[in-house]
Amino acid sequence: MSTGVTSEDARWARPEIRIAFPGNHDRVREILAERVAAKSPNMVLASTYVPPDGAVSAYLLHRLLSRGDSTGTAWHSVFVNSGVEALGTVVKYLRNRHNRGGAAGACRILVLDPTGTAPYAFGHAVPGLSAIVADGMLIVGRVEEFLRRVGAEWTSYVVIVDGLSADVLTPVRAALEVARERGAVVAWGLLGDEAALAPLRDSVAVADLVLLGEVSAGNEMPCGTVSFTREMFALWNNTMDSIAHVSTFGGNGLAMRMLSETLVRWRPMDRHEHAAVIRMRRNRFTRSARLRMHSNTWQTRAIDLAAINLTFDEAGGVRYRHGTRDYVDLASGTGPAFRGHNVQAPGVIMTAGTDGDETSRLEGTLARLTGLPIMLPAVSGQSAVDNALLAALCARPGRATVLTCRGNYSGKGPMSLALSRTSSFFRDRDEHAFSPYPIEVIEADINDPAALRRALRRDDIAVVWLEIVQGYDCVEIPQAVLDEIERRRAAAGFLVGVDEIFTGFWRCDTDNFLACTGRGFRPDLVALSKALSDALVPIGAVMISDAVFEQMSRTAPDSARWLRTHYRNDMAAGLARAAIEAAEHDRSGAADIEMAMDSMLRRAVRSPLFSEFRRVGLLGRLVLSPRAIGTRPRPSVQNYAEAVVARLIGKRCGAITLQMRIAPSTAGDGAGELIATMAEVGEFLERLPRWTVDRTTLSSLLGTAGREIATTLLRVRERCGDRKDRTHY
Numbered sequence: 000m001s002t003g004v005t006s007e008d009a010r011w012a013r014p015e016i017r018i019a020f021p022g023n024h025d026r027v028r029e030i031l032a033e034r035v036a037a038k039s040p041n042m043v044l045a046s047t048y049v050p051p052d053g054a055v056s057a058y059l060l061h062r063l064l065s066r067g068d069s070t071g072t073a074w075h076s077v078f079v080n081s082g083v084e085a086l087g088t089v090v091k092y093l094r095n096r097h098n099r100g101g102a103a104g105a106c107r108i109l110v111l112d113p114t115g116t117a118p119y120a121f122g123h124a125v126p127g128l129s130a131i132v133a134d135g136m137l138i139v140g141r142v143e144e145f146l147r148r149v150g151a152e153w154t155s156y157v158v159i160v161d162g163l164s165a166d167v168l169t170p171v172r173a174a175l176e177v178a179r180e181r182g183a184v185v186a187w188g189l190l191g192d193e194a195a196l197a198p199l200r201d202s203v204a205v206a207d208l209v210l211l212g213e214v215s216a217g218n219e220m221p222c223g224t225v226s227f228t229r230e231m232f233a234l235w236n237n238t239m240d241s242i243a244h245v246s247t248f249g250g251n252g253l254a255m256r257m258l259s260e261t262l263v264r265w266r267p268m269d270r271h272e273h274a275a276v277i278r279m280r281r282n283r284f285t286r287s288a289r290l291r292m293h294s295n296t297w298q299t300r301a302i303d304l305a306a307i308n309l310t311f312d313e314a315g316g317v318r319y320r321h322g323t324r325d326y327v328d329l330a331s332g333t334g335p336a337f338r339g340h341n342v343q344a345p346g347v348i349m350t351a352g353t354d355g356d357e358t359s360r361l362e363g364t365l366a367r368l369t370g371l372p373i374m375l376p377a378v379s380g381q382s383a384v385d386n387a388l389l390a391a392l393c394a395r396p397g398r399a400t401v402l403t404c405r406g407n408y409s410g411k412g413p414m415s416l417a418l419s420r421t422s423s424f425f426r427d428r429d430e431h432a433f434s435p436y437p438i439e440v441i442e443a444d445i446n447d448p449a450a451l452r453r454a455l456r457r458d459d460i461a462v463v464w465l466e467i468v469q470g471y472d473c474v475e476i477p478q479a480v481l482d483e484i485e486r487r488r489a490a491a492g493f494l495v496g497v498d499e500i501f502t503g504f505w506r507c508d509t510d511n512f513l514a515c516t517g518r519g520f521r522p523d524l525v526a527l528s529k530a531l532s533d534a535l536v537p538i539g540a541v542m543i544s545d546a547v548f549e550q551m552s553r554t555a556p557d558s559a560r561w562l563r564t565h566y567r568n569d570m571a572a573g574l575a576r577a578a579i580e581a582a583e584h585d586r587s588g589a590a591d592i593e594m595a596m597d598s599m600l601r602r603a604v605r606s607p608l609f610s611e612f613r614r615v616g617l618l619g620r621l622v623l624s625p626r627a628i629g630t631r632p633r634p635s636v637q638n639y640a641e642a643v644v645a646r647l648i649g650k651r652c653g654a655i656t657l658q659m660r661i662a663p664s665t666a667g668d669g670a671g672e673l674i675a676t677m678a679e680v681g682e683f684l685e686r687l688p689r690w691t692v693d694r695t696t697l698s699s700l701l702g703t704a705g706r707e708i709a710t711t712l713l714r715v716r717e718r719c720g721d722r723k724d725r726t727h728y
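When we follow numbering that gives the first Met the number 0, the leftmost residue of the sequence shown carries the number 0, and every step to the right adds one.
Following this line, the structure appears as structure tokens:
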């Protein structure tokens, strides 16, 4: 029996649809202008770079949630792009914990959400979906209903406190304290209502996890946090899960600055805390130790072992600066810096979003480039995929199945996680570890056309979802697969969606904005992100056809309105539009960069360290040889080996790559620097001996041992210092 909530169900209230960014953007605009003028790094290598403010924020969250001294509960925090993504991370964790524990039955989660956000985000507002797919969740909007349903049948609880007073929450805390004693896991959260901060802090004593939404950045920009008690975080605090499931979104320096300011405003620092923060900002060893203590322990160890835990001082164009040395960015910040870092004019930053409806103007620009006229705003790649799937399900009521290709990676959001379970990013044993999923998913093997044809004959497929080029492994979907989907789509009635988050913006097709365009493939929905942000403010978008929007508006008008308005951000839209329009006329060096990349990869693969290379446009991938890492290495072993080689490339050639992935800027004026650096990298890798890699590995091991000692000393120092002066600074 389904525990979902249909759109006709009265168990969750329908307040006015919550807008993630309801106010102005004055503070974020001010900080962003300062950072761009100072060439401060903002979006750098996604989860492998944590700026000083990220370490500070993790520390301050620990202090906010603990008693403020070493006698309280220790907290580990990770960062995401939004309150919805924080909710998704919590639900993912709760399901994973239940399934790995070997408990009988499915994970069952009772959610109290007075804001009405969760039903939309998890598909419970999609007409008829919960009657087809039992996802084990019940979402209610009223405290009375929540208290009536609390009982032994639920394995976990999530409570959103927005709009609720301390008196109203008192019986909820009492009921959940009893539930915790029975073994249930309890999460509390605050999405956007700062007035409810005090009731949230009062509830922490009966919390195993705490989430914050956009309120953590003053409701001005995308940001979210998830904090785990140390006992809870132990589930994912290992070599693989720490990266695959909770990789810290710390690369966005702007968000971390906003978050740290908010946390200090909520709980002013005493002099000991102030001194600790100064040490974190100034000293990378202290910063690394604090990240181990209060954030993603094993991820910090991994990047320390690979010696890639650099803190860049400046980022401008295609260059980073660390101390007195420059590095050339061959990963374009892993996609966001598609035309370089900090290239936006300060005047554009100060006026973006102040002159009317910038979201509609961005919609018009993207409509011209994609051929799809309607935009659903998002804040990241995974939120764009989440919204695309929700739109497709609303437009095809009665269908709950998504067909994708094996190896697809679409993120870790409430919906997109189900499409990523066969990606090489995850371990094999995690393929079903987050069930029950909110949708049914079929994974087709791109090398088995007969199986694909059988799958496409099903009459319950709402959408076929594809990465034209699977970005994580640089695997191109064969044209025969695209042709087969095209032949079946009209008769079968399914929609077609394409993930262009990493392949778009002229990356995998230097002649076309989208990779699918040059292949003659016309989707109904396209997900965009990364480059859309211009390495400034996180933003994503889903472009859909008029027909899809008309259908979803007719069958699910509330969901259609939520998808159109929840993530609307005129400032981010204005910056994105300015970046795209500038890049359209600044791509003269793309063909030469593509040739230089091809030459670099061909030279590199001559080394016995590599078995092959893959390249599609300006996306390249080197594959380590089985002689170097074994025939079927664990993902953690492969990731570490690639990170060590990437560190050597940085040290010897002054180039930054995302492990063995090469993704330079697709626009801007850095062509000469990119071409020269790729030539140097190709020459270095061609001659790279195995013993050099082994020596670097040993050096990294010695370095991380020193950081472990520093962490231990910090713990001792904190125990002593925290019991002394409590005077606020």
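By construction, the Cβ of each residue, glycine as well, lies at the ideal position given by its N, Cα and C atoms.
Whole-angstrom distance between residue j and residue i, CA atom to CA atom
{"i": "residue 730", "j": "residue 162", "result": "The question about residue 730 has no answer, for the chain in this structure spans 0 to 728."}
{"i": "residue 394", "j": "residue 405", "result": "25 Å"}
{"i": "residue 355", "j": "residue 361", "result": "12 Å"}
{"i": "residue 478", "j": "residue 507", "result": "15 Å"}
{"i": "residue 230", "j": "residue 610", "result": "42 Å"}
{"i": "residue 641", "j": "residue 450", "result": "34 Å"}
{"i": "residue 154", "j": "residue 593", "result": "52 Å"}
{"i": "residue 323", "j": "residue 653", "result": "12 Å"}
{"i": "residue 727", "j": "residue 213", "result": "Bear in mind that the predicted position of residue 727 carries a pLDDT of just 38, short of 50, making it unreliable; the figure below should be weighed with that in mind. Cα to Cα, residue 727 sits roughly 26 Å from residue 213."}
{"i": "residue 279", "j": "residue 55", "result": "7 Å"}
{"i": "residue 346", "j": "residue 24", "result": "15 Å"}
{"i": "residue 548", "j": "residue 147", "result": "38 Å"}
{"i": "residue 83", "j": "residue 444", "result": "31 Å"}
{"i": "residue 249", "j": "residue 452", "result": "With a pLDDT of only 44 at residue 249, under the threshold of 50, the placement of this residue in the model should not be trusted, and no figure is reported."}
DSSP state of residue i mapped onto helix, strand, coil
{"i": "residue 17", "result": "coil"}
{"i": "residue 145", "result": "helix"}
{"i": "residue 340", "result": "strand"}
{"i": "residue 393", "result": "helix"}
{"i": "residue 552", "result": "helix"}
{"i": "residue 166", "result": "helix"}
{"i": "residue 58", "result": "helix"}
{"i": "residue 53", "result": "helix"}
{"i": "residue 119", "result": "helix"}
{"i": "residue 345", "result": "helix"}
{"i": "residue 101", "result": "coil"}
{"i": "residue 279", "result": "helix"}
Chain-order list of residues whose beta-carbon lies under 7 Å from that of residue i (same chain, five-residue window excluded)
{"i": "residue 433", "result": "91, 94, 95 and 416"}
{"i": "residue 681", "result": "598, 599, 602 and 603"}
{"i": "residue 389", "result": "122, 125, 414, 558 and 562"}
{"i": "residue 170", "result": "146"}
One or two residues paired with residue i in a DSSP bridge
{"i": "residue 654", "result": "327"}
{"i": "residue 226", "result": "76 and 209"}
{"i": "residue 272", "result": "Paired residues: none, contrary to the question."}
{"i": "residue 464", "result": "403 and 496"}
{"i": "residue 660", "result": "620 and 657"}
{"i": "residue 627", "result": "For residue 627, which the question treats as bridged, DSSP gives no partner whatsoever."}
{"i": "residue 185", "result": "156"}
{"i": "residue 316", "result": "340"}
{"i": "residue 609", "result": "623"}
{"i": "residue 136", "result": "108"}
Contact check, residue i vs residue j, beta carbons under 8 Å
{"i": "residue 618", "j": "residue 468", "result": "yes"}
{"i": "residue 732", "j": "residue 664", "result": "Within the shown structure, residues of the chain are numbered from 0 to 728, placing residue 732 beyond reach of any answer."}
{"i": "residue 376", "j": "residue 186", "result": "no"}
{"i": "residue 271", "j": "residue 58", "result": "no"}
{"i": "residue 115", "j": "residue 87", "result": "no"}
{"i": "residue 455", "j": "residue 484", "result": "yes"}
Own chain partners of residue i with C-beta closer than 8 Å, once the 5 adjacent residues on each side are dropped
{"i": "residue 536", "result": "27, 31, 220, 221, 253, 568, 570, 571 and 574"}
{"i": "residue 561", "result": "16, 119 and 124"}
Beta-carbon proximity list for residue i, same chain, < 6 Å, skipping 5 on both sides
{"i": "residue 459", "result": "398 and 400"}
{"i": "residue 679", "result": "652"}
{"i": "residue 516", "result": "none"}
The ligand ZN heavy atom lying under 7 Å from the CB of residue i
{"i": "residue 468", "result": "With respect to the ligand ZN, the structure offers nothing, as it holds no ligand at all."}
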